[in-house]
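Below you'll find the structure, written out as structure tokens, and then a few comments.
Numbering (my numbering), first residue to last: 172 to 440.
Printed below as a string of structure tokens:
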């Protein structure tokens, strides 16, 4: 296994296991720092949107134009971009709807609402949330892996952005399961397993996509990755960031994420 492939797997594993960080935060904090979450989710969205629209999309287009010509390459780039959006939208449409898996669940609210052990409805909500997040994390793992293979610096930036938004998702899984069962180990296990879908996605990309990773295949996948990340940012991250926004904190996060990503691209290119 080459150094670049191993690095891509490590980045994807790091991004996925951030759900476990969220789980631990839920156990050791009495209140949810919503201002921090609002900024962090906005930051993650800023990174994803900027890198998708400024870097990834045009790398995909350059690759496809070189292989298929100006018109064919541009049309396939745009088609693949929206196909990525359609894929993640279909995943959202068909995952279990026991609860909104991307809604920030506050530790203090779970306590205030009388969450107690042996609460089957709360347990069901946590399990469905873990399943939904796991399914959602699968294409994110492919996106991180393929990006890191092409450009390790870009892969790291995407991994960090995904890791940030996986932290509140880990909280969303562990909080209801913990207050339903009183079992921290079980809550952490479900949160941890939902994050493992990311490296599993990377493994599938390695085993199935890598043997066929021509310039055309790379361009199609990269354009789809850009679409996936823009959709995630607009559909999940920004609404969640705005929910607990105070004094435009989320938009400051977005701008900070974009600025840091812009600076990184300028320094690394």
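Cβ atoms here follow ideal geometry from the backbone N, Cα and C, with glycine treated the same way.
A quick note: this is a predicted structure, and the numbers were derived from the prediction, not measured.
If we ignore side chains and look at the alpha-carbon of each, how far apart do residue i and residue j end up?
i           : j           : result
residue 225 : residue 217 : 12 Å
residue 318 : residue 377 : 12 Å
residue 220 : residue 409 : 11 Å
residue 391 : residue 179 : 19 Å
residue 315 : residue 384 : 15 Å
residue 194 : residue 297 : 12 Å
residue 300 : residue 239 : 42 Å
residue 426 : residue 396 : 21 Å
residue 323 : residue 352 : 41 Å
residue 182 : residue 333 : 10 Å
residue 302 : residue 365 : 7 Å
residue 321 : residue 413 : 33 Å
residue 360 : residue 312 : 19 Å
residue 248 : residue 401 : 15 Å
residue 422 : residue 213 : 6 Å
Just checking my contact of residue i with residue j at CB under 8 Å: how many whole Å lie between their CB atoms?
i           : j           : result
residue 424 : residue 223 : Rounded, the Cβ-Cβ distance is 17 Å, inconsistent with contact.
residue 399 : residue 258 : 7 Å
residue 190 : residue 344 : 7 Å
residue 243 : residue 232 : Actually they do not touch by this definition, with Cβ atoms about 11 Å apart.
Which residue from the options puts its Cα closest to that of residue i?
i           : options               : result
residue 264 : 247, 354, 230 and 306 : 306
residue 196 : 340, 436, 431 and 367 : 340
residue 192 : 337, 404, 311 and 436 : 337
residue 234 : 405, 413 and 388      : 388
residue 207 : 335, 176, 291 and 188 : 335
residue 394 : 185, 246, 211 and 212 : 246
residue 175 : 381, 428, 237 and 205 : 381
residue 185 : 326, 356, 348 and 211 : 326
residue 211 : 407, 433 and 437      : 407
residue 350 : 291, 205 and 367      : 291
residue 358 : 379, 294 and 311      : 294
residue 205 : 188, 431, 173 and 342 : 342
residue 436 : 354, 309 and 328      : 328
Check whether the stretch 365 to 381 and the stretch 253 to 266 are in contact - that is, three or more C-beta pairs closer than 8 Å.
no
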